[in-house]
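Protein chains in written order, with the working numbering: chain R, 633 to 744; chain G, 2 to 116.
Single-structure report; data block below.
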Amino acid sequence: GDSVTQMEGPVTLSEEAFLTINCTYTATGYPSLFWYVQYPGEGLQLLLKATKADDKGSNKGFEATYRKETTSFHLEKGSVQVSDSAVYFCAPLPEAGNMLTFGGGTRLMVKP
Amino acid sequence: SAVISQKPSRDICQRGTSLTIQCQVDSQVTMMFWYRQQPGQSLTLIATANQGSEATYESGFVIDKFPISRPNLTFSTLTVSNMSPEDSSIYLCSATLRGRVTEAFFGQGTRLTVV
Numbered sequence: 633g634d635s636v637t638q639m640e641g642p643v644t645l646s647e648e649a650f651l652t653i654n655c656t657y658t659a660t661g662y663p664s665l666f667w668y669v670q671y672p673g674e675g676l677q678l679l680l681k682a683t684k685a686d687d688k689g690s691n692k693g694f695e696a697t698y699r700k701e702t703t704s705f706h707l708e709k710g711s712v713q714v715s716d717s718a719v720y721f722c723a724p725l726p727e728a729g730n731m732l733t734f735g736g737g738t739r740l741m742v743k744p
Numbered sequence: 002s003a004v005i006s007q008k009p010s011r012d013i014c015q016r017g018t019s020l021t022i023q024c025q026v027d028s029q030v031t032m033m034f035w036y037r038q039q040p041g042q043s044l045t046l047i048a049t050a051n052q053g054s055e056a057t058y059e060s061g062f063v064i065d066k067f068p069i070s071r072p073n074l075t076f077s078t079l080t081v082s083n084m085s086p087e088d089s090s091i092y093l094c095s096a097t098l099r100g101r102v103t104e105a106f107f108g109q110g111t112r113l114t115v116v
C-alpha cells in the first residue's frame with residue numbers, strides 16, 4: 633500500500649531561518665501530493681499541492697516540488713516566522729483513489 | 002472548494018457514555034471519511050462513510066465502537082460509543098471532491114476528552 637516517510641520533529645528554528653521538511657512517498661501510479669498544516673488547537677488546512685511531475689506548489693512563502701524520480705515532495709521556506717509554528721503533514725493522494733495517506737507529521741517551532 | 006462544518010468542536014465526556022459528532026459539507030462531495038488523531042500523533046483513518054449503506058472500516062476499528070451514518074451526500078455522523086479515556090483524541094471529518102484534481106478537505110475537528 634501507499635506510505636509516507638516524513639522528517640521527524642520537532643524542528644526548532646530561529647525566525648528568518650531557512651526551513652526544509654523532507655517527505656518521500658511510495659505510491660502506485662501518479663499520485664497528487666499535498667502538504668497540510670495544523671496550527672495549535674485547530675484542524676487541518678491545505679497548505680499547497682502538486683499534481684504532476686516537476687509541478688511546484690506554493691503558498692504563504694512555502695514551496696514544494698513534485699519529484700517523481702526521487703518520489704519526494706520536500707517542503708521549503710526561505711524565511712520562517714513565529715506564526716509558522718505548527719505541525720506539517722505530507723500526504724499523497726493516489727491517482728485512482730480518494731483516501732489520503734498521512735505522514736507522521738513534523739512539528740515546527742520557530743523562536744523569535 | 003468545500004467548507005466542512007463539524008460539531009461539537011470539543012467536549013468533555015464521562016467514561017461509559019457515547020458522543021455523536023456531526024459533519025456537514027456545503028458541496029456535493031464524492032467521498033466522506035472520519036479520522037482520529039491521538040495526542041501528538043498523525044491522522045489515522047477510521048472509516049469511509051458510504052451514503053445509504055454501512056461504512057467501510059479500517060483495520061482496528063469496528064462498527065459497534067464507531068457507528069457511522071451518512072444519510073445523504075453532504076452529511077455524516079460518527080458516534081464514539083462506550084467511551085474510555087483512551088478515546089480521548091481529535092476526530093476529523095474529511096471529504097473529497099472529484100474534479101480536475103481530486104482534493105481533500107477537512108473539518109476543524111472535534112477535540113474529545115474522556116474523564
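Even for Gly, the Cβ is constructed at its ideal location relative to N, Cα and C.
Everything numeric in this text was worked out from a predicted model, so none of it was measured.
- By the C-beta density criterion, Q109(G) is buried, having at least 16 other C-beta atoms within 10 angstroms.
- Sequence-distant Cβ neighbours of V26(G) in its own chain, meaning closer than 6 Å and more than five residues away, are A3, I5, T75, A96.
- Note that the segment 714-728 of chain R touches the segment 648-663 of chain R; at least 3 beta-carbon pairs, one per stretch, sit closer than 8 Å.
- Straight through space, the alpha carbons of T697(R) and Y720(R) are spaced by roughly 16 Å.
- One Cα belongs to K688(R), the other to V63(G), and the distance between them is close to 40 Å.
- Annotated as proximal: Y657(R) and F705(R), with beta-carbon spacing under 8 Å.
- When Cβ pairs closer than 8 Å are counted between the two stretches, the segment 75-90 of chain G is seen to touch the segment 34-43 of chain G, the count reaching three or more.
- DSSP places S90(G) in the uninterrupted beta strand (DSSP E) bounded by 90-98.
- With respect to P724(R), A659(R) sits close: the two C-beta atoms are nearer than 8 Å.
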